[in-house]
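As structure tokens, the structure follows; a few thoughts come after it.
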Amino acid sequence: MNRKLILKFENLVQLHSACWQLHTLSYKRIHRAQWKPAQSSAHPVWSVLLYPQFWQKGKLVSVALPQCRHLSTKEETKGKKKKMPLTKGEVEIRQKMTIEELARAMGKDIDHIYEALLYTDVDLDSLEPDSMLYEDHIKLIVRKSGMKYKSAKLKEEKERENTDAVRRPPADPAVLTPRPPVVTILGHVDHGKTTLLDSLRKTQVAAMEAGGITQHIGAFLVHLPSGEKITFLDTPGHAAFSAMRARGTHVTDIVILVVAAEDGVMQQTVESIQHAKNAGVPLILAINKCDKPEADPERVKKELLAHDVVCEEFGGDVQAVNISALKGENLMVLSEATVALAEMLELKADPTGLVEGTVIESRKDKGKGPVTTAIIQRGTLRKGCVLVAGKTWAKVRFMFDENGRALEVASPGIPVEIMGWKEVPSAGDEILEVESEQRAHEVVSWRTYAEQQERMKRDVEVIEAKQKEHRMEYEKKQQKLAHLTWRQRKAVLYKANKHLMFLKPKERTEMDKNILSIIVKGDVDGSVEAILNILDSYDANDECKLDVIHFGIGDISETDVSLAEAFHGVVFGFSVKANESIKKLAAKKGIKIKLHNIIYKLIEDLKDELNSRLPPSVVENTIGEASVLEVFSVTVGKNKIPVAGCRVQKGLLDKKMKFKLIRNGDVIWKGSLSSLKHHKDDVPTVKTGMDCGLSLDNHIEFKIGDEIICYEEKEVEQTTSWDPGF
């Protein structure tokens, strides 16, 4: 009996000891603990009580709580992490490391890294264990920890093989065949470029265009009565479309420069001449509107001499033809001049092999999907051809001419509309045919990779520049605070940032009021490009910041409205539509959708929107002026109040209005009057030529000769100083 009691007593003592150790462990060793499952004990509690010899020190917790989970301590977790080996206190560092990686490399805790970053320009609140640190901060942390660093050997990245598609070598002259010339019509806006093309095509393109001005590149094949074919490119003359005109000249053989006989050389005329010179393309001068009584073709020719355009009659090589596009006068002479110049140029192309061409314009059609207008420059395009342009590709499903008729083949020099693109390519992109869809994927993948590498390189440069700028600002601040103790320094920084810390959300919105976020949607890539080029000239960010948060091709979508709502922005659409459901959704969310068909009206609307975001300026209107002739004081109770004896020189003094005191040309006080008297009587106003006595609300001292100005403040709407150039 005594033996059993002794065994029970020993078991109770050992169980008490186990509980005490568990209690101590929970207070002393558990820090940032994590739950994890524990293996069930092979020996239940009853067996341990009966057989104390199985009781082991390392299994206290698992035996006491066999079916439960135990806490993994900080020390246990740390022990499981692999630490990088240290060689004589040296830390192997890289240009970029996360906080966690640096802690492992140093054999330290993450908290140690945070402590080392105190009193630096790093915002500790924004740091996480996976936050990236740059080389300067890494070196600083290692030095502060009393350790040395060495740069890790860079792993040589395997250079990716260039799988891009390129143009073929020049063709054998024996396989070349004549092709139609590509002629671009350039000139100032409203000088009759599209009307000229209408007369050549016998169509009414100009009548269908918004505002009567061309806003896209049009590519047309014209059949002359002589049997010759000419591919014409009609480009916009408006100032906003400079990039389109430049693109037109780079795929053309001949430029027809249209100048109105009554207007002469204008801004876009000069720009068109420059584009032609840059592309090395010969010119033919078409002096239009010669049927008007005020027409002066000779003046036009003389004005062009200043821009190195010398007509044949002045000893140059530029053919000049006087025409009237509206009445169809001399159009055949212009066509013959074009054909003659094309014959002199001996324009030929290789119609065999893989296709090469250029995207003239691109858009997203509701029924057809992504569509491009292209000029074929080499090879013969057929259905089923696999093409690559920019970072997208196409398997040609259908081809159309400018009149919408389906084509089976398109030979060099022919304009064609291509369907089958996966995405909308950019206008001006080079079109290359490849052997298969797999090859197209390779090309697009390589181009995407190359662009990412280039973007990363630019991003690193920008980040490094920003870091340098922030570091210099931080060092300047530190120098200013160098003579202060750390406690005083903390107090100064707190006072400097106090107004931001306690800023309410409503007040933050007020601060962001001077930001106009916009979404730009256009019908074709060239239109969006033209609008973005105009927006690039915006130079009034100090008045109102202009932020283009998204741009694209196609009609206004629900995504555009949601994005505008998130940024409190405005949606601008050019030659696109917004269906009724989209308009209702926008109205419900309070989002403005502004649709335009004429580019300068869109820009005017944008300027109005910018003006609405500007705070009104306060303008002072002077109501009356008075001069101080005498100064005296009046005792009121125990106080002496200075009083000015004045005479109104101009207008009137109204006690309700605001006043300012001017001395020697400087404003020394602004405020309200405390009293205005005339012959000892309080009066509301004093008119010109009358004497009065007045005192100011803060009892400021007067001097003889001071001027008193009575004025009112009015808020006037500001207008942006941005000038888009048209």
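In terms of full-length UniProt numbering, the sequence shown has 119 at position 119, counting the first letter as 1, and numbering is strictly consecutive.
For glycine and all other residues, C-beta sits at the position ideal for the given N, C-alpha and C.
Predicted, not measured: the structure shown is a model, and the values here were computed from it.
Asked, Found
"Proximity below 7 Å, CB of residue 804 to CB of V122", "Any answer about residue 804 is impossible in this case: the structure gives the chain only from 1 up to 726."
"Exposed unless 16 or more other CB atoms sit within 10 angstroms - verdict on Y449", "exposed"
"T177 to A171 span [Cα, whole Å]", "11 Å"
"Buried/exposed call for Y149, threshold 16 Cβ in 10 Å", "buried"
"Sub-7 Å separation of E543 and L614 beta-carbons", "yes"
"Three-state class that DSSP yields for Y600 in the structure shown", "helix"
"Reference L585; option with closest CA among F232, D560, I603 and Q438", "D560"
"7 Å Cβ cutoff met for A427 and V359", "yes"
"Through-space distance from D190 to V265, alpha-carbon basis", "13 Å"
"Residue from K391, S633, A116 and E312 whose Cα sits closest to the Cα of V142", "A116"
"Cα-Cα separation, G665 to G705", "11 Å"
"C-beta contact flag for E625 and Y711 at 7 Å", "no"
"Pairwise C-alpha distance: D555 and A165", "33 Å"
"Start-to-end residues for the beta strand (DSSP E) that takes in M419", "P415 to W421"
"Backbone CA spacing between W446 and D429 [nearest angstrom]", "16 Å"
"Nearest-angstrom Cα separation, counted from I113 out to G357", "58 Å"
"Supposed contact pair T373 and P415 - C-beta distance, whole angstroms, cut 8 Å", "6 Å"
"Cβ-based neighbour list, K677, same chain, cut-off 8 Å, excluding 5 preceding and 5 following", "V683, C692, G693 and L694"
"Continuous alpha helix (DSSP H) stretch holding A586: start and end", "E580 to K589"
"One or two residues paired with F551 in a DSSP bridge", "V520"
"Backbone secondary structure at M147 - three-state DSSP", "coil"
"Residue from N541, D608, K589 and I531 with nearest C-alpha to G573", "I531"
"Three-state secondary structure (DSSP) of E609", "helix"
"C-beta atoms of A219 and L200 nearer than 7 Å", "no"
"For E715, the nearest candidate out of D697, S617, K650 and T622 (CA to CA)", "S617"
"Own chain partners of A42 with C-beta closer than 7 Å, once the 5 adjacent residues on each side are dropped", "Residue placement at A42 is poorly supported in this model, since its pLDDT is 37, which falls under 50; the coordinates still yield a value, given next. So the list is empty, once near-sequence residues are dropped."
"One or two residues paired with D365 in a DSSP bridge", "G369"
"Rounded separation between L546 and Q453 - CA only", "28 Å"
"Proximity of H550 and L563 at Cβ, strictly below 7 Å", "yes"
"D350, buried or exposed, once every other Cβ within 10 Å from all chains shown has been counted against 16", "buried"
"Cβ neighbour criterion (16 or more within 10 Å) applied to Q377", "buried"
"Assigned exposure category for D109 - 16 Cβ within 10 Å defines buried", "exposed"
"Alpha-carbon spacing of V318 relative to D308, whole angstroms", "10 Å"
"Contacting residues, own chain, Cβ-Cβ under 8 Å from S633 (five flanking each side not counted)", "K640, I641, P642 and V643"
"Own chain, CB closer than 6 Å to W669, minus 5 neighbours either side, in chain order", "L661 and I700"
"Beta carbon of G369 nearer than 7 Å to that of R397", "no"
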